[in-house]
Every structure is written in C-alpha cells, then in structure tokens.
Ligand code: G1P
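In structure tokens form, the structure reads like this:
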C-alpha cells in the first residue's frame, strides 16, 4: 500500500519561515514534521509515499534522499551515529513526487496521485495532524480496513468550539473502537453538526473513493474539490467505517498547537527531556 501525503500548501500561518522552507520541514526538536509522518507510515509497513507537492517544495525530496557530500563529511570525521541517522530514512522509504499544479483542495490533491497509487486501497496522511501514539495511527486504520474491507477514516472527539474546523461524521452502529459512518459534513457549525466526532487526517481508502473524486464538481465559493464529498458518497454506496484512534493529536498547522507538539515530544526525549522539564518548572514558578 502507498500513502499519499499532501504537501502543496503555502503554509502562510508559518510565515516568515515558510517564505523559503516548506512548512513540512518545521522541526520537532531536530526532526521535521514530515519525517515523523513518514515514520508513522513505515511503522505500519508502508514503504512507498507519494508527496503531492508544488513549486518550492523540492527540499522534501532531498530530505528523503541520500546526501553523498554530507555523508562523506560525517564519515571522514568519524561521526558514525549522525551518519547512520541521516542515511537511515533514505534507505527505508521510496518517495514519489507529484505536482498539484493548481490549489484546488484536498480532494483534488488526492486525485493527483491516481496514476501512482495502483489498483488497490491507498492511505492518505495529512501532515498538519501529528498523532503521538504507541501504535502507528495509520496502522490502526489499516487493521480496521483489513478486517472490514471498507474505506476507513480516523476519528477523535473534539470540543464543541473546534467542530467547525473538521469533517464531522454521523454514526450508526459501533463495535469497540470501530463505528459505521452514515454521513460526513465538512466543517459544520456546532449547532448543525451531527456529532462531535471529527475526521483527523488519516484515511485508508478503496479505489471507489478515487472514482468518486473524478466526478466531483468544484465547490462554488472556493473552487475546491473536497475529499469529504467523496467520503459522503462512499458512506452512502460502498460503506465507510470510522476508527476511534488511540494517541494524542496535535494540529501542527496551528502555531500554538505546533509549539505544544514540540514540547510534548521534547519532554519524552532522553537527550533534552529532563533539563527541559527543569527549565519549565523554574519558568512557571516565576510567572
Ligand atoms: C481537512 C479535511 C477535514 C478534516 C481535517 C483534519 O481540513 O477537509 O475534513 O477533518 O483536514 O485535519 P483542513 O484542515 O485541511 O481544512
């Protein structure tokens, strides 16, 4: 199975950084967000990822490639650990880059990968949603897909004030963490939302969703093609299942949430965790 990772956005919420560097390379301590996303795919057994890119994003391809000059330098200076670290990811993952030539929305971004994902089911992972989980979030969805054969989306309960930021589902029967989805609405108001269960940036989809995307009309006001519209069709025709995923989710596309993610990951690290906690304790005392 291949994973589609949409990366074409301008990242305006992270300007000025994103003037020259793709937002997907924002570092969580020393590891880019996109690296964490690719690790999540690898943990689930996905070794081939399709980046949907745009102008100015070629650094993403370089990041997952070998870097002979750097590797030579590190090797000749005896920096074995660093050398292994920079080589590792390039050896593990195959990357394919497909350009999304017009910003026509998430559905269109996914549709751009139609020629490279193959005939079977495919995964979609959104880089703005970081999930810190014991078990790979996309791996949790693959398990549900293997069991049900249906297209699967990741779900999390969200507070009422955040409902308008997500695709929200209406659910039928449920069994443990797996729920039958009856319908999906993109970013409803809290009053009109059918539940507080939000789709959180992880999908394992059958080809029928690609077919549905093909026939979708762009939305009048934005001119975008919504993935949610194809999911709504899937729910009504072939069936759509939700997986209430285990793990803490961070919205890495939001400045404050991104900073929180950096702290959450950093305090667990053996190299910086302890001194960082100490520093924060001191700081908080003086607030
Ligand atoms: C997209 C989807 C939305 C989903 C969200 C998850 O919205 O359209 O259905 O709930 O990702 O992060 P975006 O955040 O790109 O506006």
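In our numbering, the protein residues as written are 1437 to 1723.
Don't be surprised by glycine CBs; every beta carbon is placed ideally from N, CA and C.
Asked                                                                                                                         : Found
Reference residue 1671, options 1589, 1596 and 1546, closest by Cα                                                            : 1589
CA-to-CA distance, residue 1618 to residue 1676, given in whole angstroms                                                     : 8 Å
Close-in-space but distant-in-sequence residues of the same chain around residue 1547 (CB under 6 Å, 5 per side omitted)      : 1649
Given residue 1611 as reference, the closest of 1537, 1679, 1582 and 1716 once Cα atoms are compared                          : 1679
Residue 1597 - containing alpha helix (DSSP H), residue span                                                                  : Element bounds for residue 1597: n/a, residue is neither H nor E.
Local Cβ density within 10 Å of residue 1496, reported as buried at 16 or more and exposed below that                         : buried
Residues of its chain near residue 1586, where Cβ-Cβ distance is below 6 Å and the 5 sequence neighbours each way are ignored : 1675 and 1677
Residue from 1667, 1516 and 1460 whose Cα sits closest to the Cα of residue 1616                                              : 1667
Sufficient close CB pairs (3 or more, under 8 Å) joining the stretch 1641-1655 to the stretch 1570-1580                       : no
Close beta carbons around residue 1540, own chain, < 6 Å, minus the five adjacent residues each side                          : 1660 and 1661
Stretch-stretch touch, CB-based, cutoff 8 Å, three pairs: the stretch 1480-1500 with the stretch 1438-1453                    : yes
Cβ distance (whole Å) where residue 1708 is taken to contact residue 1465 below 8 Å                                           : 7 Å
Residue 1592: first and last residue of the uninterrupted beta strand (DSSP E) it sits in                                     : 1587-1593
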